[in-house]
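Going by the working numbering, the letters in the sequence shown line up with residues 1058 to 1122, in that order.
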Amino acid sequence: MNVDCPTCRKPVEWSESNPYRPFCSKRCQLIDLGAWANEEYRVPAENVAPDDLDQINPDDHGNNA
């Protein structure tokens, strides 16, 4: 199966023979890591007031079921 490299959009074979998957190369992998380190990417989350932090159950893991 082929996928597009998230960094350069080059087609990449998704297989165990590609140690950089989903990236095409170590270079693209490091570019992506650098973007995360520079906070260019963010995972959406709810804002929580500091006073409410003690009410969060660490065993919940965000499951509402």
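Glycine included, C-beta positions come from ideal geometry on N, C-alpha and C.
Length of the line joining the Cα atoms of residue i and residue j
{"i": "V1060", "j": "Y1077", "result": "12 Å"}
{"i": "D1109", "j": "N1075", "result": "44 Å"}
{"i": "E1103", "j": "Q1086", "result": "28 Å"}
{"i": "E1073", "j": "K1083", "result": "15 Å"}
Boundaries (first-last residue) of the beta strand (DSSP E) holding residue i
{"i": "D1061", "result": "N1059 to D1061"}
{"i": "V1142", "result": "Residue 1142 is absent from the structure shown; the chain starts at 1058 and stops at 1122."}
Whole-Å CB distance - residue i paired with residue j, under 8 Å assumed
{"i": "N1081", "j": "V1069", "result": "The sequence as given places Cys at residue 1081; Asn does not occur at that position. Confirmed, about 5 Å."}
{"i": "Y1098", "j": "A1092", "result": "6 Å"}
Close-in-space but distant-in-sequence residues of the same chain around residue i (CB under 8 Å, 5 per side omitted)
{"i": "P1079", "result": "V1060, C1062, P1063, V1069 and W1071"}
Start and end residues, alpha helix (DSSP H) containing residue i
{"i": "C1085", "result": "K1083 to A1094"}
Beta carbon proximity, residue i to chain B, threshold 7 Å
{"i": "P1076", "result": "As a matter of chain content, chain B is missing from the structure shown, which is built from one protein chain."}
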